[in-house]
Amino acid sequence: MTADSLAKNAANGDLAKLQADACNVFVVLSQCSVSGFLVPDGIENNKWNVFIAKSSPPNVSKTYAKQFQEDLSLFLRMRSEEIKPGGHMFFTLMGRGNPNPSGGWELLAESLCDLGLVKEADLDSFNIPQYTPYKEEASEIIQDEASFELIRLEVFEVDRDKKEDVNNNDFVLDKGKKFADSIRAITEHLLACHFGDAIIDTLFERLAMHQVDHPDPNDDKVVNIVVSMTKK
């Protein structure tokens, strides 16, 4: 299958040929396509949090995990319709290497509460549309969906920053700012749409300080799950 053949068949209205061509893909590479999704329904009781947190009711973690399982299964099923039998698929997921899935989201919720400008109802109705699975969790979903044979699944952890003296005040402050900037890159548009633009700069300044005051070693690492599979 080539781009020219796809364009030609589409222009000629040959849908059947287009679909047949689409099923002849032999190699697919996908990066972080299913880490983000719509916020699941049924977590309205996740008060004063923006994601799964230590204070979240038990149903919140279960609902997020169920939504991720449905989304990843759909992703695999759709890709299996495009790949010929024996074809290969490689993809990466943002993952986690510890039981706590919250990452820095609890600090973000705390920073929002600190502002004093955010209405409780607005905070309670905002949740992060993301989920990061365990290695075993991702493997189980792939095997249960059953479109692909799992060849290899590996976890890679990368340090966000090079190791430096944590007693160096400049390094600690810079690390807090880098952490806040990484969260801002992901969430700024979502937060501005929900809470308004006026709070953004102050919010992330506060988040940087919270990270300095309450550092979490788990926030120092980026975890990626890399998967290799073949179409059955």
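Per this note's numbering, the sequence shown starts with residue 17, numbered consecutively.
Here a beta-carbon is modelled for each residue, glycine too, at the ideal position from N, C-alpha and C.
A quick note: this is a predicted structure, and the numbers were derived from the prediction, not measured.
- Message: Here's a check: name, in chain order, each residue in its chain whose Cβ is nearer than 8 Å to the Cβ of glutamine 227, leaving out the five neighbours to either side.
- Response: Gly120, Leu123, Lys191, Gly192, Phe195, Ala196, Asp235
- Task: Taking all protein chains shown into account, decide if glycine 111 is buried (16 or more other Cβ within 10 angstroms of its Cβ) or exposed.
- Result: buried
- Query: Near valine 242, what residues of its chain come up, given a Cβ to Cβ distance below 6 Å and the 5 sequence neighbours on each side ignored?
  - Reply: Thr108, Glu170
- What are the partner residues of leucine 109, as DSSP defines its beta bridges? Ile241
- Note down, one range per segment and in chain order, each alpha helix (DSSP H) of at least 4 residues found wholly within the segment 48-127. 74-96
- With a CB to CB cut of under 8 Å and the five nearest residues on each side skipped, what residues in its chain are close to aspartate 138? His210, Phe211
- Leaving out five residues on either side along the sequence, give the residues of the same chain with a beta carbon under 8 Å from the beta carbon of tyrosine 147. Ser51, Phe53, Tyr80, Ala81, Gln83, Phe84, Pro117
- Just the Cα atoms here: how many angstroms apart are methionine 94 and glutamate 86? 12 Å
- Query: Leaving out five residues before and five after valine 43 in sequence, what residues of the same chain have Cβ atoms less than 6 Å from its Cβ?
  - Reply: His104
- Message: Just to confirm the assignment, what range does the alpha helix (DSSP H) spanning leucine 223 have?
- Response: 216-229
- Sequence-distant residues of the same chain with beta carbon closer than 7 Å to phenylalanine 67, five excluded per side: Ser118, Trp121, Asn143, Ile144
- Item | Opposing strand residues paired with lysine 247 [DSSP bridges] | Phe164
- Tell me, which residues are paired with glutamate 173 by DSSP? Val239
- Query: Is alanine 224 buried or exposed, if buried means 16 or more other CB atoms sit within 10 Å of its CB?
  - Reply: buried
- Spatial neighbours of serine 77 in its chain, beta-carbon cut-off 6 Å, leaving aside the 5 residues before and after: Ile68
- Task: Please state whether DSSP places leucine 45 in a helix, a strand or coil.
- Result: strand
- Message: So the candidates are Asp213, Leu45, Asn75; which of them puts its Cα closest to the Cα of isoleucine 59?
- Response: Asn75
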